[in-house]
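For reference, each letter of the sequence shown is one residue, going 1 to 161 in full-length UniProt numbering.
In this text, a Cβ means the ideal position worked out from N, Cα and C, and glycines have one as well.
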Amino acid sequence: MTIRDLSEQIAAWENNVERSAVTPKERKRVYTALHQTHLPKMDRLGVVVYDNDRGTVTLTDSVREFDIYLDVVPSDDLPWSQFYLALGGVLTALVAVAALGIPPFAYFDGFAYALFVALTFTAVGGYHALRDRRTLVGTAATPPDVDVIAPSETTEGTNAD
Numbered sequence: 001m002t003i004r005d006l007s008e009q010i011a012a013w014e015n016n017v018e019r020s021a022v023t024p025k026e027r028k029r030v031y032t033a034l035h036q037t038h039l040p041k042m043d044r045l046g047v048v049v050y051d052n053d054r055g056t057v058t059l060t061d062s063v064r065e066f067d068i069y070l071d072v073v074p075s076d077d078l079p080w081s082q083f084y085l086a087l088g089g090v091l092t093a094l095v096a097v098a099a100l101g102i103p104p105f106a107y108f109d110g111f112a113y114a115l116f117v118a119l120t121f122t123a124v125g126g127y128h129a130l131r132d133r134r135t136l137v138g139t140a141a142t143p144p145d146v147d148v149i150a151p152s153e154t155t156e157g158t159n160a161d
């Protein structure tokens, strides 16, 4: 696959648009990151074969051996690990206050608190699992607008802009 085609497809995903709607600036930004950082490193690790002179990248057979999870955290968001830590702290404090007999928390028995903690973690964990399905690459389905390319299959091409 050409780096130009790859960068255009990634830019389309990042901007939630069709490939034909990707601007040269959006494609160039992705192309630069791929060319300077990601593809050379993936080539060194044996995930892809990157031919800088021809402007092509090819998956290796080793790529079939992994599932890749991406923890996508927007700048104004909290990573899940920190969220679970905070949730555990809040629920622990709630149970501790109840155990000390401080009203109104002392009005509920231990079973009610255990049920509340279990249901809270089950609900949050379920939501987390649903969100993670969107960031798992390489299992149930291919990303939209992508033809599956077998390892060692390439398309001749030139470098982007």
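Residue 167 and Val22 closer than 9 Å at C-beta
Missing from the structure shown is residue 167; the chain here goes from 1 to 161 and no further.
Alpha-carbon spacing of Ser62 relative to Met42, whole angstroms:
11 Å
Straight-line gap, Pro79 to Trp13 (C-alpha atoms, nearest Å):
22 Å
Since Thr58 is in the beta strand (DSSP E), which residue starts that stretch and which ends it?
56–59
Return the Cβ separation of Pro40 and Tyr31 in integer angstroms, given the expectation that the two are a contact with Cβ distance under 8 Å.
The Cβ separation is near 13 Å, so there is no contact.
DSSP three-state assignment for Asp51, whether helix, strand or coil
strand
Thinking C-beta only, is Val57 closer than 9 Å to Met1?
yes
What is the DSSP secondary structure of Thr32, reduced to helix, strand or coil?
helix
Within a Cβ cutoff of 7 Å, which residues of the same chain sit near Arg19, ignoring the five residues on either side of it in sequence?
Glu8, Gln9, Ala12, Asp145
Taking the C-alpha atoms as reference points, what is the distance between Ile3 and Arg64?
21 Å
Do the CB positions of Val124 and Phe83 come within less than 9 Å of each other?
yes
Can you tell me whether Gly55 is buried or exposed? The criterion is at least 16 other CB atoms within 10 Å of its CB, across all chains shown.
buried
Cβ atoms of Tyr113 and Leu94: under 9 Å apart, would you say?
yes
Per DSSP, cross-strand counterpart(s) of Thr23
None, per the DSSP bridge assignment.
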